[in-house]
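Residue numbers (the working numbering): 190 to 458.
Glycine included, every Cβ here is placed at the ideal spot set by N, Cα and C.
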């Protein structure tokens, strides 16, 4: 009889010890913007990893944020709607098998900030490396927008003098380089000639180090001057996250043969 009682107690103790996976607690949210919020918690005593889910308060469907290490105590909740109240919960997993787990915690709630767009005020300016008349020169165009400005749909950059030496180009020629830096996209690329249509029109692709086409633009010779036309990058909404881009032509631009100022004009939509 004693052996039977001992066996029953042993099974109970083993089962009970494996079922205990204590959850994180002391949930709170800070660094709340119109787009993101930072979830915080006090770590669980034996966490292997965590899972967060969140939703608009009062709705049914949850979105998950995973790959949270057991040593972490914060995680960004991304891609939120402005002026909206959310709830989030956390679950603790005590080993790599996802069993046992703690179940979901109580909810913490927060409300995102209102979105306030910045004034539309992009900056575009040229740099000519060599100012000697009638000589080829390196030519750079830098464009910049701050966060929350309305997106640029298209832009046309032109001059009243000078020309591009298009007639000597062959498809595949590398004509310079470009860079783009923002919170959602960063790349460097080579400027590669796609094709020309006569001596006054060329399409140039921006090819990154992996061989992907990151964008393109058109260069043209006018009478007089040059024109560069491009389409703005799509970041998934009507407002930019802020960026700086730079296009560097290597000796493709030819200065005018007479001394005097060159006027550059940007038309932005």
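query = Within 10 angstroms of its Cβ, does residue 393 collect 16 or more other Cβ (buried), or is it exposed?
reply = Taking the first residue of the chain shown as 1, we reach residue 393 at position 204. Under this definition residue 393 is a buried residue.
ask   = Is it right to say residue 378 is buried, meaning 16 or more other beta carbons lie within 10 angstroms of its own, or is it exposed?
value = Locating residue 378 in the chain shown gives position 189, counting from the first residue. Residue 378 should be labelled buried.
query = What distance in whole Å lies between the Cβ atoms of residue 223 and residue 327, which are believed to be in contact at a cut-off of 8 Å?
reply = What you label residue 327 is simply residue 138 of the chain shown in a count that begins at 1. What you label residue 223 is simply residue 34 of the chain shown in a count that begins at 1. Rounded, the Cβ-Cβ distance is 41 Å, inconsistent with contact.
key: Endpoints, the beta strand (DSSP E) within which residue 254 is located   = Within the chain shown, numbered from 1, the residue matching residue 254 stands at position 65. That run of the beta strand (DSSP E) goes 252 to 258.
ask   = Of the residues 278, 306, 308 and 289, which one's Cα is nearest the Cα of residue 295?
value = Numbered from 1 along the chain shown, position 106 holds the residue referred to as residue 295. Of the candidates 278, 306, 308 and 289, the one whose C-alpha sits nearest the C-alpha of residue 295 is 278.
ask   = Hey, out of 232, 235 and 304, whose CA is closest to residue 221's CA?
value = Stepping through the chain shown from its first residue, residue 221 is reached at position 32. Answer by Cα proximity: 304.
message = DSSP three-state label for residue 292, please.
response = Against the chain shown, residue 292 aligns to sequence position 103. In the structure shown, residue 292 sits in a strand (DSSP, three-state: E or B).
task = Measure the alpha-carbon distance for residue 233 versus residue 240 and round it to whole angstroms.
result = Here residue 233 refers to the residue found at position 44 of the chain shown. Here residue 240 refers to the residue found at position 51 of the chain shown. Rounded to the nearest angstrom, the two C-alpha atoms are 12 Å apart.
query = Buried or exposed: which applies to residue 415, given that a residue is buried once 16 or more other Cβ atoms fall within 10 Å of its Cβ?
reply = Position 226 of the chain shown, counted from the start, is the residue given in the question as residue 415. Under this definition residue 415 is a buried residue.
query = Among 271, 235, 209 and 214, which one has its Cα closest to the Cα of residue 225?
reply = Counting from 1 along the chain shown, the entry for residue 225 is found at position 36. Of the listed residues, the one whose Cα sits closest to residue 225 is 271.
ask   = How long is the line joining the alpha carbons of residue 243 and residue 340, rounded to whole angstroms?
value = Here residue 243 refers to the residue found at position 54 of the chain shown. Here residue 340 refers to the residue found at position 151 of the chain shown. Residue 243 and residue 340: Cα-Cα distance of roughly 29 Å.
query = Looking only at its own chain, which residues have a Cβ that is under 6 Å from the Cβ of residue 313, when we skip the five neighbours before and after it?
reply = Locating residue 313 in the chain shown gives position 124, counting from the first residue. Taken in chain order, the residues that qualify are 332 and 455.
query = Could you give the distance in angstroms between the alpha-carbon of residue 404 and the alpha-carbon of residue 291?
reply = The residue labelled residue 404 in the question sits at position 215 within the chain shown. The residue labelled residue 291 in the question sits at position 102 within the chain shown. Taking the straight line joining both Cα atoms gives about 48 Å.
ask   = How many Å lie between residue 342 and residue 426 at the Cα?
value = As a first step, residue 342 is located in the chain shown; it is residue number 153 there, counting from the start. As a first step, residue 426 is located in the chain shown; it is residue number 237 there, counting from the start. So the two alpha carbons sit approximately 11 Å from each other.
ask   = The beta strand (DSSP E) spanning residue 390 covers which residue range?
value = Sequence index remark: in the chain shown, residue 390 carries index 201 (1-based). Counting along the chain, the beta strand (DSSP E) containing residue 390 begins and ends at 390 to 397.
ask   = My guess is that residue 420 and residue 348 are in contact by the Cβ rule of under 8 Å, so how many angstroms apart are they, rounded?
value = The residue given as residue 420 occupies position 231 in the chain shown. The residue given as residue 348 occupies position 159 in the chain shown. Wrong, their Cβ atoms sit about 20 Å apart, outside the cutoff.
key: Nearest-angstrom Cα separation, counted from residue 230 out to residue 196   = Position 7 of the chain shown holds residue 196. Position 41 of the chain shown holds residue 230. No answer about residue 196 holds up, because its pLDDT of 41 lies below 50 and its placement is not dependable.
inquiry  = When you compare the CB positions of residue 428 and residue 306, do they come within less than 7 Å of one another, or not?
reply    = Translated into the one-based positions of the chain shown, residue 428 becomes position 239. Translated into the one-based positions of the chain shown, residue 306 becomes position 117. Yes. Within cutoff.
query = Once you ignore the five residues that flank residue 439 on each side, which residues in its own chain have a CB closer than 7 Å to its CB?
reply = Residue 439 sits at position 250 when you count from the first residue of the chain shown. These residues qualify, in order along the chain: 327, 364 and 365.
request  = On a CA-only basis, which of 334, 359 and 299 is nearest residue 311? Give me that one, please.
outcome  = As a working note, residue 311 is residue 122 in the chain shown. Looking at the Cα atoms, 334 is the closest of the given residues.
task = Please determine, among 298, 385 and 330, the residue with the shortest C-alpha to C-alpha distance to residue 273.
result = The residue you call residue 273 lines up with position 84 of the chain shown. Of 298, 385 and 330, the residue nearest in Cα terms is 298.
key: Residue interval of the beta strand (DSSP E) (run including residue 382)   = The count along the chain shown starts at 1 and reaches residue 382 at position 193. Run containing residue 382: 375 to 385, per the beta strand (DSSP E) assignment.
query = Mapping DSSP to helix, strand and coil, what is residue 354?
reply = As a first step, residue 354 must be located in the chain shown, where it is residue number 165. Residue 354: coil per DSSP, three-state reduction.
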